[in-house]
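Worksheet: the structure to be examined is printed underneath.
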Amino acid sequence: MIAMSPAYVDPTVRLFGDVRLGEDCSLWPYAVIRCERAFVSVGRCASVQDHAMVHIGWDDPTVIGDYCTIGHRAVVHGCTIEPACLIGVGATIMERCVIGHGSIIAGHCFLPPDTIVPPHSLVMGTPGRVVRQIDKLRDHVIDALLYRDNGCGYARGDHRVWERADREALGREADDIIAREAAGWGMP
Numbered sequence: 046m047i048a049m050s051p052a053y054v055d056p057t058v059r060l061f062g063d064v065r066l067g068e069d070c071s072l073w074p075y076a077v078i079r080c081e082r083a084f085v086s087v088g089r090c091a092s093v094q095d096h097a098m099v100h101i102g103w104d105d106p107t108v109i110g111d112y113c114t115i116g117h118r119a120v121v122h123g124c125t126i127e128p129a130c131l132i133g134v135g136a137t138i139m140e141r142c143v144i145g146h147g148s149i150i151a152g153h154c155f156l157p158p159d160t161i162v163p164p165h166s167l168v169m170g171t172p173g174r175v176v177r178q179i180d181k182l183r184d185h186v187i188d189a190l191l192y193r194d195n196g197c198g199y200a201r202g203d204h205r206v207w208e209r210a211d212r213e214a215l216g217r218e219a220d221d222i223i224a225r226e227a228a229g230w231g232m233p
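Using the working numbering, the first residue of the sequence shown is number 46, and each one after it goes up by one.
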């Protein structure tokens with residue numbers, strides 16, 4: 046495992062193989078990340094929430110971009126999730142899928158292998174289909190920052206950080222991040 050000072054890794058998390066954790070990411074209770082061949086990368090300020098399963102395909106690494114949220118009980122398997130995406134509760138994303146930045150994969154959605162999701166898409170259903178384009182990038186970065194702060198709180202035993210969250214300050218921080226990093230996400 047390579048860790049760049051994650052905000053929080055719950056003691057119940059299971060990590061196997063070449064797992065690369067980005068700065069200020071958080072891994073929540075009973076999440077499992079397994080990679081027997083390739084690698085799994087969890088980006089900066091990304092969160093992998095309770096009971097999520099992250100695995101590789103046979104030859105396919107799993108890359109979770111910066112500022113992503115992987116919801117409770119989601120299965121992420123040998124795919125690429127670009128920055129600032131929300132993967133809903135119980136969603137399943139299979140091998141070689143690519144989820145474009147700023148997208149939402151709705152809860153319980155299933156994406157079969159090789160699905161390509163354009164940036165800023167809302168995807169729903171089984172199999173998943175793009176239902177419309179969305180502009181939630183800022184919201185996704187704010188959510189990632191909330192999880193970063195929550196993870197830091199949990200690491201020191203404070204489970205009520207969100208009660209004191211300043212969403213306006215987080216919004217300003219999100220704006221700065223987007224302005225600084227958007228070009229790397231393929232945005233003007």
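All residues carry an ideal CB built from backbone N, CA and C; glycine is no exception.
Only a predicted model underlies this, so the values are computations on that prediction, with no experimental measurement involved.
Is the distance from the Cβ of residue i to the Cβ of residue j below 9 Å?
{"i": "Glu-81", "j": "Asp-105", "result": "no"}
{"i": "Ala-52", "j": "Asp-194", "result": "yes"}
{"i": "Val-186", "j": "Ile-150", "result": "no"}
{"i": "Val-85", "j": "Pro-74", "result": "no"}
{"i": "Gly-102", "j": "Ala-83", "result": "yes"}
{"i": "His-146", "j": "Leu-191", "result": "no"}
{"i": "Ala-129", "j": "Gly-152", "result": "no"}
Which term fits residue i, buried or exposed, when burial requires 16 or more other beta carbons within 10 angstroms of its beta carbon?
{"i": "Val-176", "result": "exposed"}
{"i": "Thr-171", "result": "exposed"}
Looking only at C-alpha atoms, which of the options sits nearest to residue i?
{"i": "Ile-109", "options": "His-185, Val-93, His-153, Arg-118", "result": "Val-93"}
{"i": "Val-64", "options": "Pro-56, Trp-73, Val-99", "result": "Val-99"}
{"i": "Asp-55", "options": "Phe-84, Asp-159, Gly-152, His-96", "result": "His-96"}
{"i": "Pro-157", "options": "Gly-88, Ala-227, Arg-89, Val-143", "result": "Val-143"}
{"i": "Ala-219", "options": "Gly-229, Thr-114, Asp-184", "result": "Asp-184"}
{"i": "Ala-76", "options": "Gly-62, Cys-90, Ser-50, Ile-115", "result": "Ile-115"}
Pull the bridge partners of residue i from the DSSP assignment, please.
{"i": "Tyr-192", "result": "The partner list for Tyr-192 (beta bridge, DSSP) is empty, contrary to what the question assumes."}
{"i": "Tyr-53", "result": "Ser-71"}
Does the CB of residue i have a neighbour CB from chain D at under 9 Å?
{"i": "Leu-131", "result": "Structure shown: chain D not included; a single protein chain is present."}
3 or more residues per run - each beta strand (DSSP E) lying fully within the segment 70-133: 77-87, 98-100, 107-109, 120-122
Counting only runs that start and end within the segment 144-171, where is the beta strand (DSSP E) found for 3 or more residues in a row? 166-169
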